[in-house]
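*Asks:*
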Amino acid sequence: MNDKPQPASEQRARELTPREIVRELDKYIIGQQNAKKSVAIALRNRWRRLQVRSGLREEIMPNNIILIGPTGVGKTEIARRLAKLSDAPFIKVEASKFTEVGYVGRDVESIIRDLTEYAVNMVKAEKRAEVNDKAKEMSEERILDILIPPSRKRHAVPAEAPLVNADEQEDNKATREKFRQKLRDGKLEDKIIELDVSASNDAPLMQVIGPMNLEEMGVNLQEMFGGLMPKKMKKRKVSVAEARVILANEEAKKLIDQDAAIKQALLRVENSGIVFLDEIDKIAGSKSTSGPDVSREGVQRDLLPVVEGSNVMTKYGMVRTDHILFIASGAFHMSKPSDLIPELQGRFPIRVELSSLTEDDFVKILTIPQNALIKQYAALIETEGVEVEFSDDGIREIARIASEVNENVENIGARRLHTIMTSLLDDILFDAPDDLREKKILINRELVQSKLMSIAKNRDLSRYIL
Ligand SMILES: Nc1ncnc2c1ncn2[C@@H]1O[C@H](COP(=O)(O)OP(=O)(O)OP(=O)(O)O)[C@@H](O)[C@H]1O
Ligand SMILES: [Mg+2]
2 MNDKPQPASE QRARELTPRE IVRELDKYII GQQNAKKSVA IALRNRWRRL QVRSGLREEI
62 MPNNIILIGP TGVGKTEIAR RLAKLSDAPF IKVEASKFTE VGYVGRDVES IIRDLTEYAV
122 NMVKAEKRAE VNDKAKEMSE ERILDILIPP SRKRHAVPAE APLVNADEQE DNKATREKFR
182 QKLRDGKLED KIIELDVSAS NDAPLMQVIG PMNLEEMGVN LQEMFGGLMP KKMKKRKVSV
242 AEARVILANE EAKKLIDQDA AIKQALLRVE NSGIVFLDEI DKIAGSKSTS GPDVSREGVQ
302 RDLLPVVEGS NVMTKYGMVR TDHILFIASG AFHMSKPSDL IPELQGRFPI RVELSSLTED
362 DFVKILTIPQ NALIKQYAAL IETEGVEVEF SDDGIREIAR IASEVNENVE NIGARRLHTI
422 MTSLLDDILF DAPDDLREKK ILINRELVQS KLMSIAKNRD LSRYIL
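Count along the sequence shown starting at 1, add 1, and that's the number in this note's numbering.
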């Protein structure tokens with residue numbers, strides 16, 4: 002969009018090298034090295050592209066990727082983590098949703114509008130964090146102004162009693178500091194004060210009856226005309242605690258350059274946005290399904306310009322989609338990537354297959370990731386003052402049962418671990434803290450077996466429970 006170098010804040014995490022990216026992903030996702038490698042390259046290529054001289058830069062296209070693999074093996078998780086570690090605006094959409102009756106006519110450009118909305122919120126939140134301390138400080142001053150109004154009347158007649166006035170000013174200052182201390186100590190939180198708030202905040206929404214598309218186009222009449230109408234102020238009684246929030250928000254708004262934030266957000270969407278197109282396999286195959294669904298090929302054709310690069314109008318301005326990274330994903334059981342229309346295939350040159358997860362993978366998934374399920378549950382139960390520990394053979398048994406049920410009932414990948422863990426721990430989760438005597442619980446093989454074996458062995462039962 003422009004040739005100026007990216008502002009520093011637009012550079013930061015994107016400087017991770019492919020190896021570093023994979024190392025970061027390794028913290029959360031077990032195995033799937035090929036997929037991690039591909040997304041790492043795609044991400045790094047985007048940063049590389051930004052370093053290339055303008056002129057050639059515009060010619061370099063992103064490496065859109067199709068992740069192929071059964072359910073629950075980490076496709077979405079990889080994309081999500083990738084977005085997180087690169088601070089990229091990220092959106093996940095089900096491609097199949099555009100074929101559904103309820104969405105007829107819902108244009109795929111809404112993906113880009115939603116992504117932009119996300120980026121704007123993201124940048125605003127960052128800016129907000131930057132001015133947060135200052136805004137809090139200013140809200141404190143404003144609350145003090147309300148608690149101890151500066152004595153205006155006397156100020157107006159200084160000539161009559163200048164000395165007294167100075168004293169009173171001193172008094173006023175002392176009182177103010179006293180109140181400031183009380184305020185900081187949290188002693189005034191429940192006190193009710195009266196605030197001037199702009200009335201537009203809670204005015205009923207202006208109803209616009211017209212083509213739905215206005216909203217879709219991102220034209221927000223409220224915003225367009227809101228600025229034209231005089232701001233009405235309204236008095237509201239709120240507690241000091243509430244006032245802190247309201248006033249800090251107001252002050253932060255004044256401190257943030259909204260236009261600059263939006264500009265930065267648009268840049269970020271264009272240069273580092275990631276769209277995750279889930280269930281792309283459901284729109285592969287040219288034959289439209291019977292019934293009123295929008296044809297799959299139709300959806301592919303709709304997607305094409307967005308993926309190829311086009312201008313999308315959003316309520317914040319025009320967004321070019323040329324360098325947005327698209328990561329598609331699907332199981333491709335019933336169809337193949339070659340069933341997509343050729344143009345779309347061409348825009349997704351990289352195909353990676355993810356493998357099914359084994360019992361060994363499950364052991365690692367349960368224990369290694371920073372957000373591993375075992376750590377999550379241990380932390381939950383610890384809040385009740387109970388320590389649970391999982392022995393190695395206990396963990397191995399959970400993994401074994403998970404892969405057994407996956408094999409016998411339905412392979413839902415690592416999602417199986419969630420259902421197994423909840424069944425395994427439901428007694429503890431229910432009994433704590435009322436009926437739980439032990440303060441330390443060891444979950445070993447015997448315990449896992451006694452809790453789960455009877456269910457796991459019974460196909461019908463495990464279909465419902467595990
Ligand atoms: N390889 C893995 N390593 C660690 N956790 C995993 C792995 N695969 C899946 N999980 C966990 O399993 C859950 C489901 O994974 P995910 O959402 O990535 O599935 P998916 O491959 O996108 O499946 P679907 O095709 O159904 O969308 C997530 O909670 C994720 O953390
Ligand atoms: Mg998924």
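Ideal Cβ placement from N, Cα and C applies to all residues, glycine included.
1) Rounded to a whole number of angstroms, what is the C-alpha to C-alpha distance between R143 and P150?
2) Quick check on S199: buried or exposed, where buried means 16 or more other Cβ atoms within 10 Å of its Cβ?
3) Mapping DSSP to helix, strand and coil, what is M62?
4) Would you kindly work out how many angstroms separate the C-alpha atoms of A415 and L358, rounded to a whole number?
5) How big is the Cα-Cα spacing for E251 and D258?
6) Is A332 closer than 8 Å to V124 when the C-beta atoms are compared?
7) Just curious, the alpha helix (DSSP H) that M422 is in, first and last residue?
8) Return the chain-ordered list of same chain residues with a C-beta closer than 6 Å to the C-beta of A89, the five sequence neighbours on each side being excluded.
9) Given a cut-off of 8 Å, decide if A373 and L367 are closer than it, judged by their beta-carbon atoms.
10) Assuming D146 is part of the beta strand (DSSP E), what are its boundary residues?
11) Suppose you measure from the CA of E216 to the CA of R321; what does that come to, to the nearest Å?
12) Output the residues surrounding ligand 2, defined as those with a CB atom closer than 7 Å to any ligand heavy atom, in chain order.
13) So does the region 298 to 313 actually touch the region 334 to 348, counting three or more Cβ pairs closer than 8 Å?
14) Can you look up M218 in the DSSP assignment and give me helix, strand or coil?
15) For A403, is the classification buried or exposed, using 16 other Cβ atoms within 10 angstroms of its Cβ as the cut-off for buried?
16) Scan the region 255 to 320 and note each continuous beta strand (DSSP E) run of 3 residues or more that stays entirely inside, going in chain order.
17) Nearest-angstrom Cα distance between S463 and D361?
18) Using the Cα positions of D393 and K128, report the straight-line distance between them to the nearest angstrom.
19) Would you kindly report the start and end of the unbroken beta strand (DSSP E) that includes M234?
20) Please find out if some non-hydrogen atom of ligand 1 comes closer than 7 Å to the beta-carbon of T315.
21) Return yes when at least one heavy atom of ligand 1 lies under 7 Å from the C-beta of I92, else no.
22) According to DSSP, is D197 helix, strand or coil?
23) Which residue's Cα is closest to the Cα of Q377: L418, E243 and R181?
24) Helix, strand or coil: which one does DSSP assign to L448?
25) Please report the straight-line C-alpha distance between F431 and L437, rounded to a whole angstrom.
26) Determine the extent of the alpha helix (DSSP H) in which G395 is found, giving its start and end residues.
27) Is any non-hydrogen atom of ligand 1 found closer than 7 Å to the C-beta of L358, if you look at the structure I gave you?
28) In this structure, how does DSSP classify R245 when only helix, strand and coil are distinguished?
29) Which residue wins for smallest C-alpha separation from I328, given the options G32, A36, L26 and I22?
30) Is R416 a contact residue of ligand 1, with contact defined as CB to any heavy atom under 7 Å?
31) What's the gap between the Cα of A379 and the Cα of V410?
32) So, are the CB atoms of I442 and V387 less than 8 Å apart?
33) I'd like the list of long-range same chain contacts for D303, defined as Cβ closer than 8 Å, with 5 residues on each side in sequence excluded.
34) In this structure, how does DSSP classify I210 when only helix, strand and coil are distinguished?
35) Grab me the residues of R177's own chain with a C-beta within less than 8 Å of its C-beta, minus the 5 sequence neighbours each way, in chain order.
36) Is it buried or exposed for K76, if we count other Cβ within 10 angstroms and need 16 for buried?
*Replies:* Judging by the given coordinates:
1) Approximately 10 Å, taken between the alpha carbons.
2) S199 is exposed by the Cβ-count criterion.
3) M62: coil per DSSP, three-state reduction.
4) Answer to the nearest angstrom: the Cα atoms are 7 Å apart.
5) Computed Cα separation, rounded: 13 Å.
6) In this structure, A332 does not lie closer than 8 Å to V124 by Cβ.
7) It spans R416 to D432 - the alpha helix (DSSP H) in which M422 sits, taken as one unbroken run.
8) The answer, listed in chain order, is S273 and I275.
9) Contact: yes.
10) Looking at the DSSP string, D146 is not in any beta strand (DSSP E); the run it does join, the alpha helix (DSSP H), is E110 to L148.
11) Legend: pLDDT at E216 = 48, less than 50; position of this residue unreliable, no value from coordinates given.
12) Output, sorted by chain position: K76, T77, D279 and S330.
13) The region 298 to 313 is in contact with the region 334 to 348.
14) Interpretation of M218 is limited by its pLDDT of 49, a score under 50 that renders its predicted location unreliable; the figure taken from the coordinates is listed afterwards. Three-state DSSP puts M218 in coil, outside helix and strand.
15) Buried is the call here.
16) Fully enclosed beta strand (DSSP E) runs of 3 or longer: 275 to 279 and 312 to 315.
17) Roughly 21 Å separates the two Cα atoms.
18) If you draw a straight line from the Cα of D393 to the Cα of K128, it comes to about 46 Å.
19) Here the beta strand (DSSP E) through M234 covers M234 to S240.
20) Relative to ligand 1, the beta carbon of T315 is positioned no closer than 7 Å to any heavy atom.
21) With a cut-off of 7 Å, the C-beta of I92 is classified as distant from ligand 1, since no heavy atom of the ligand falls inside that distance.
22) Of the three classes helix, strand and coil, the one that applies to D197 here is strand, per DSSP.
23) Ranking L418, E243 and R181 by CA distance to the CA of Q377 puts L418 first.
24) In this structure, L448 counts as helix in the three-state DSSP scheme.
25) So the two alpha carbons sit approximately 9 Å from each other.
26) First-last of the alpha helix (DSSP H) with G395: D393 to N409.
27) Yes, Cβ of L358 sits closer than 7 Å to a heavy atom of ligand 1.
28) The three-state secondary structure of R245, taken from DSSP, is helix.
29) When C-alpha distances from I328 are compared across G32, A36, L26 and I22, the shortest belongs to A36.
30) Under cutoff, so the answer is yes.
31) Cα to Cα, A379 sits roughly 28 Å from V410.
32) Cβ distance < 8 Å, so I442 and V387 count as in contact.
33) The residues are F99, D108 and V109.
34) Residue placement at I210 cannot be trusted, given a pLDDT of 42 that sits under 50; what the coordinates show is reported in the next sentence. Of the three classes helix, strand and coil, the one that applies to I210 here is coil, per DSSP.
35) Apart from sequence neighbours up to five positions away, the residues of its chain that approach R177 with a beta-carbon distance below 8 Å are L145 and I149, ordered along the chain.
36) Counting Cβ neighbours within 10 Å, K76 comes out buried, since at least 16 surround it.
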